[in-house]
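Peer 1:
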Amino acid sequence: MTNSEELWKEANKLFAGGVNSPVRAAVKPFPFFVERGKGAIIYTVEGKRLIDYVLGYGPLILGHSPDSVKEKLIKQLDKGWLFGTPSELEIELARKITSHIPSAQKVRFVNSGTEATMNAIRLARGYTKRSKILKFNGNYHGSHDYVLIEAGSAATEYSIPTSDGIPVEIIKTVEVCEFNDLDCVNSKLKKEDVAGVIVEPIMGNSGVILPEKEFLKGLRELTRTYNSLLIFDEVITGFRVSIGGAQTLYQIYPDITTLGKIIGGGLPIGAIAGKADIIDNFTPSGKVFNAGTFNANPLSMAAGIATIEELEKGYPYNIANKAAKAIVEELENIIKVKHTINHISSMFQIFFGVDNIKNYSDVKKANREYYMRLHELLLREGVFIPPSQYETIFTSASHDNDIVNETLYKFKKVISELM
Ligand SMILES: Cc1ncc(COP(=O)(O)O)c(C=O)c1O
Ligand SMILES: NCC(=O)CCC(=O)O
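Each position in the sequence shown, counted from 1, maps to that position plus 26 in the working numbering.
1) At what residue ranges does the segment 50 to 136 contain a whole run of the beta strand (DSSP E), taking only runs of 3 or more?
2) What three-state label does DSSP hand Ala299 in the structure shown?
3) In the DSSP assignment, find the beta strand (DSSP E) that holds Phe320 and state where it starts and stops.
4) Cβ of Thr284 within 8 Å of Cβ of Thr143?
5) Taking 5 Å as the limit, tell me which residues put their C-beta closer than that to any heavy atom of ligand 1, in chain order.
6) Terminal residues of the continuous alpha helix (DSSP H) containing Ala42?
7) Compare the C-alpha of Thr333 against each of Gly82, Ser311 and Gly292 and name the closest.
8) Check whether the Cβ atoms of Ala297 and Leu255 sit closer than 8 Å, and answer yes or no.
9) Measuring alpha carbon to alpha carbon, tell me which of Ile345, Ile262, Ser311 and Thr319 ends up nearest Ile288.
10) Would you mind working out which of Leu86, Ser372, Asn427 and Phe320 sits nearest Arg134, comparing C-alpha positions?
11) Near Leu215, which residues of its chain fall below 8 Å by C-beta distance, leaving aside the five closest residues on each side in sequence?
12) What three-state label does DSSP hand Ser387 in the structure shown?
13) Among the residues of its own chain, which have a CB less than 7 Å from the CB of Ile441, if the five just before and after it don't count?
14) Should the segment 70 to 87 be regarded as contacting the segment 296 to 311, the criterion being three or more beta carbon pairs within less than 8 Å?
15) Below 7 Å, is the gap between the Cβ of Ser185 and the nearest heavy atom of ligand 3?
16) Go through its chain and collect everything with a Cβ distance to Ala177's Cβ below 6 Å, but skip five positions before and after it.
17) Does the count of Cβ pairs from the segment 106 to 115 and the segment 270 to 285 closer than 8 Å reach three?
18) Quick one: is Leu40 buried, meaning 16 or more other Cβ sit within 10 Å of its Cβ, or exposed?
19) Take the Cβ of Thr433 as the centre, count every other Cβ of all protein chains shown within 10 Å, and call the residue buried at 16 or more, exposed below.
20) Under the DSSP definition of a beta bridge, which residues are partnered with Thr366?
21) Indicate whether Thr418 and Val234 have their beta-carbon atoms separated by less than 8 Å.
22) In three-state terms, what does DSSP make of Phe420?
23) Within a Cβ cutoff of 7 Å, which residues of the same chain sit near Leu236, ignoring the five residues on either side of it in sequence?
24) Would you give the residue range spanned by the alpha helix (DSSP H) that Phe241 belongs to?
25) Taking DSSP's pairing of strands, which residues face Leu160 in a bridge?
26) Pick out every residue whose C-beta is nearer than 5 Å to a heavy atom of ligand 2: which are they, in chain order?
27) Let me know the secondary structure DSSP gives Met445 once reduced to three states.
28) For Asn257, report the span of its beta strand (DSSP E) as first-last.
29) Taking a contact to mean a Cβ-Cβ separation below 8 Å, would you say Ile383 touches His365 in this structure?
30) Are the Cβ atoms of Val389 and Gly164 separated by less than 8 Å?
31) Look at the Cβ atom of Val95, then the Cβ atom of Ser30, and state whether they are nearer than 8 Å.
32) How long is the line joining the alpha carbons of Pro310 and Ala42, rounded to whole angstroms?
33) Over the uninterrupted alpha helix (DSSP H) stretch that includes Leu5, give me the two end residues.
34) Tell me whether Pro324 is buried or exposed, calling it buried when 16 or more other Cβ atoms sit within 10 Å of its Cβ.
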């Protein structure tokens with residue numbers, strides 16, 4: 027069976043909504059099934075070539091199947107991939123994380139960003155002996171109960187920012203503020219019952235939204251004042267917006283950082299990192315339980331190490347950032363209708379019909395149908411941007427000048443059709 031339509035029929039017999047993660051079903055009329063990927067390009071099972079700006083939703087900062095990562099994985103495959111006992115690889119990857127992420131002294135590896143934020147929240151609660159957490163409207167921290175409350179990403183795409191199935195008792199433990207609204211944060215924290223404030227320092231799950239100048243600094247100060255922990259969810263931004271993440275870019279250092287995506291080089295991973303005296307509260311040295319059959323599994327460790335080794339050379343950031351900048355600059359020239367593009371390093375998103383996006387409520391005012399039409403027309407021309415206004419367009423070290431020029435040629439073509 028080699029066509030997406032047939033596979034889609036089979037998938038619907040086997041999976042809820044035909045997929046195993048909802049955003050994938052947002053590609054209409056049905057998702058294309060991918061056969062392989064190399065560099066900036068993926069090929070569908072029909073052999074259609076697509077320039078990829080989704081990049082596995084963020085992990086693939088080097089592009090698809092880079093030789094450096096592939097070689098390291100093959101070497102590890104020869105040695106075995108699960109031992110239920112420590113391997114040297116986890117030390118190597120943790121050293122890379124602690125050397126690049128300023129606030130990270132110790133690390134606990136888990137298997138997804140979801141597990142990372144779930145355990146970071148438990149850690150904050152265990153450490154402070156408080157039960158509430160504060161999150162931001164339209165931030166997405168994965169798919170566990172404590173964060174599927176006013177969540178962005180697919181939760182918003184499918185109009186269920188607060189998921190069914192979450193007990194009201196849990197919802198009551200989660201306070202929500204608008205991103206960039208320090209007055210709200212102050213009013214929630216001053217009751218001194220909030221264990222931790224979890225935030226995407228740069229929002230990447232309601233499109234891209236940047237923190238205003240004083241916002242992260244204000245969060246740092248308010249959490250100190252009221253003895254709450256500050257948790258930066260850098261699952262997207264870690265090793266992307268700079269090798270040291272958003273905290274390095276803005277020089278604001280959280281108590282706990284959650285990581286995922288890039289640190290696993292495209293294999294499943296998550297990590298909770300922070301000051302030693304906080305991370306030491308995890309079992310077995312402390313009483314905040316965390317365990318996992320696949321925690322620090324050798325393949326994810328190997329792919330993560332190989333990826334960060336490339337990032338340490340600097341060139342991936344130069345290429346990926348240059349690509350995003352060139353595309354954004356040209357789009358500003360060619361899009362003639364009212365719009366805003368939010369952009370930082372190798373992440374950006376386009377919002378039509380609005381001229382300023384500083385929080386989730388602003389995003390809801392954007393013309394999402396227009397964005398989806400852009401996605402559809404680009405796909406027809408062989409360019410894959412996320413099938414949702416509430417995701418991020420990413421570039422990678424494989425998005426060289428030729429790829430960018432080809433992309434811009436196609437953008438120009440579809441934008442004249444769109445206007
Ligand atoms: C900021 C952020 N946190 C957490 C997650 C959850 O990660 P995962 O999908 O690996 O569970 C995501 C996923 O996109 C994310 O963007
Ligand atoms: N921005 C949300 C994600 O990247 C997660 C991908 C998925 O849910 O499939």
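No residue lacks a Cβ here, since even glycine has one placed at the ideal position from N, Cα and C.
Peer 2: On the basis of the data shown:
1) 60 to 64, 67 to 70, 75 to 78 and 132 to 136, all fully within the segment 50 to 136.
2) Strand.
3) Counting along the chain, Phe320 falls outside any beta strand (DSSP E), and DSSP gives it neither H nor E.
4) It is a contact, given that the beta carbons lie within the stated cut-off.
5) That gives Ser138, Gly139, Thr140, His167, Gly168, Glu226, Asp259, Val261, Ile262 and Gly286.
6) It is not in any alpha helix (DSSP H) - Ala42 carries neither H nor E in the DSSP assignment.
7) Checking every option, the nearest Cα to that of Thr333 belongs to Gly292.
8) In this structure, Leu255 does not lie closer than 8 Å to Ala297 by Cβ.
9) Per the Cα distances, Ile262.
10) That would be Phe320, whose Cα lies nearest to the Cα of Arg134.
11) Excluding sequence neighbours, Leu215 sits near Leu160, Val223, Leu248, Thr249, Thr251, Tyr252 and Ser254.
12) Of the three classes helix, strand and coil, the one that applies to Ser387 here is helix, per DSSP.
13) The beta carbon of Ile441 lies closer than 7 Å to those of Ile360 and Ile361 in the same chain, with the five residues before and after it left out.
14) Touching, no.
15) In terms of ligand content, the structure shown lacks ligand 3 and carries ligand 1 and ligand 2 instead.
16) If we look at Ala177 and ignore the five residues flanking it on each side, its Cβ neighbours are Tyr166 and Pro187.
17) These segments do not touch.
18) Answer is exposed; the Cβ neighbour count stays below 16.
19) Buried, by the Cβ-count rule.
20) The secondary-structure analysis by DSSP pairs Thr366 across a beta bridge with Phe377.
21) The answer is yes: Cβ separation under 8 Å.
22) Looking at Phe420 - three-state DSSP - the assignment turns out to be strand.
23) These residues qualify, in order along the chain: Ile228, Asn368 and Ile370.
24) Residues Phe241 to Thr251.
25) DSSP output for Leu160 lists Glu201 and Val223 as bridge partner(s).
26) After applying the 5 Å Cβ criterion, the set is Ser47, Val49, Tyr83, Ser179 and Asn231.
27) Residue state, collapsed to three classes: coil.
28) According to the sequence as given, residue 257 is Ile; it is not Asn. Segment Leu255 to Asp259, the beta strand (DSSP E) holding Ile257.
29) Not closer than 8 Å, so no.
30) Cβ atoms of Val389 and Gly164: closer than 8 Å.
31) No, they are not a contact pair.
32) Distance between the alpha carbons of Pro310 and Ala42: 38 Å.
33) The requested residue 5 does not occur in the structure, where the chain is confined to residues 27 to 445.
34) Pro324 should be labelled buried.
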